[in-house]
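The working numbering runs 27 ahead of the 1-based position in the sequence shown.
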Amino acid sequence: MIKVGLTGGIGSGKTTVVNFFKELGVPVYIADLEAKKLMNTSKSIQKNLIKVFGPQAYVNGKLNRPYLAHQVFNDEEKLKAINSIVHPKVAKHFSKWLQQQNAPYCIQENAIIFENNKAADFDFIISVTAPKDIRIERVLKRDSTSKSEIMARINNQWDQAKKNELANFIIENTTLTDTKKQVKKIHEILLKAASD
Numbered sequence: 028m029i030k031v032g033l034t035g036g037i038g039s040g041k042t043t044v045v046n047f048f049k050e051l052g053v054p055v056y057i058a059d060l061e062a063k064k065l066m067n068t069s070k071s072i073q074k075n076l077i078k079v080f081g082p083q084a085y086v087n088g089k090l091n092r093p094y095l096a097h098q099v100f101n102d103e104e105k106l107k108a109i110n111s112i113v114h115p116k117v118a119k120h121f122s123k124w125l126q127q128q129n130a131p132y133c134i135q136e137n138a139i140i141f142e143n144n145k146a147a148d149f150d151f152i153i154s155v156t157a158p159k160d161i162r163i164e165r166v167l168k169r170d171s172t173s174k175s176e177i178m179a180r181i182n183n184q185w186d187q188a189k190k191n192e193l194a195n196f197i198i199e200n201t202t203l204t205d206t207k208k209q210v211k212k213i214h215e216i217l218l219k220a221a222s223d
């Protein structure tokens, strides 16, 4: 089975693109969503996060997301620490999930494929992109956050142009009709690649 990584900066519209692929019957694994679930259910993740970030990392056995977000905000070392605890578990979970899929190809949606040196894990990579002002506007509508917080998150991720250079496919996600067309075209190419 062909493994496709789908990435893009915050607000680029990865979820929209992923939903179009799902409509075409493609199995999709959302790495961020699964990471959140694992952080709440895995005893070893819980133990290691408490070891690094203290008992405040969990409140009544549930992940204290605001506290952890504040800890890693603008602190590269703490961000690396959290990633080294969570990412190996997500990778293991993804491998198990893959074995249960029956399709020509599947997608893992993951914002930081390149940042985590994971590009080699995939046969193809799709980069979802949109102009910065549109991305900021989308996140402001979606999250209760400020423009400066969004900018900090954008600056923590690789530059979009750098991601696009390394990707096999680029989806310019500005209008839904156009995005859907691009998804369909890539879908056909991937189906062909899977049958070759």
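Think of the CB as a built atom: it goes at the ideal place given N, C-alpha and C, for glycine as much as any other residue. Given the structure is predicted, the values throughout are model-derived calculations rather than measurements.
Looking at the strands, I want to know which residues DSSP matches up with residue i.
i, result
"Glu199", "Thr156"
"Lys30", "Cys133"
"Lys89", "Val86"
CB-CB under 8 Å to residue i, same chain, minus the five flanking residues each way: which ones, in chain order?
i, result
"Ile112", "Ile72, Asn75, Leu76, Val79"
"Ala179", "Phe100, Asn101"
"Ala146", "Gly32, Ile140, Ile152, Leu193"
"Glu37", "It is Ile, not Glu, that sits at residue 37 in the sequence shown. These residues qualify, in order along the chain: Ala138, Arg162, Val166, Ile177, Arg180, Ile181, Gln184."
"Leu203", "Thr43"
"Lys89", "Asn67"
Give me the Cα-Cα distance between residue i and residue j, rounded to the nearest whole angstrom.
i, j, result
"Glu142", "Ala118", "15 Å"
"Asp148", "Val86", "35 Å"
"Asn91", "Ala62", "14 Å"
"Glu164", "Leu95", "25 Å"
"Thr43", "Lys49", "10 Å"
"Val210", "Ser173", "31 Å"
"His97", "Asn110", "15 Å"
"Asn67", "Phe121", "17 Å"
"Lys105", "Glu136", "23 Å"
"Ala58", "Ile134", "10 Å"
"Lys219", "Leu125", "20 Å"
"Phe196", "Pro115", "26 Å"
"Thr201", "Tyr56", "23 Å"
"Lys123", "Lys190", "27 Å"
Are there 16 or more other CB atoms within 10 angstroms of the CB of residue i, so buried, or fewer, so exposed?
i, result
"Gln83", "exposed"
"Gly35", "buried"
"Gly40", "buried"
"Asn46", "exposed"
"Leu60", "exposed"
"Thr206", "buried"
"Asn129", "exposed"
"Ile216", "exposed"
Per DSSP, what kind of secondary structure is residue i in: helix, strand or coil?
i, result
"Gln98", "helix"
"Thr42", "helix"
"Val55", "strand"
"Thr68", "helix"
"Phe141", "coil"
"Ile37", "coil"
"Gln73", "helix"
"Phe149", "coil"
"Thr172", "coil"
Going by the C-beta, is residue i closer than 6 Å to any heavy atom of the ligand NAP?
i, result
"Phe100", "Looking at this structure, you won't find the ligand NAP or any other ligand, since it has none at all."
To which residues of the same chain is residue i closer than 6 Å at the C-beta, ignoring the five residues directly before and after it?
i, result
"Arg169", "none"
"His214", "Leu51"
Residues in the same chain with beta-carbon distance under 7 Å from residue i, minus the five sequence neighbours each way, listed in chain order, please.
i, result
"Ala221", "Ile29, Pro131, Tyr132"
"Gln187", "Gly36, Thr156"
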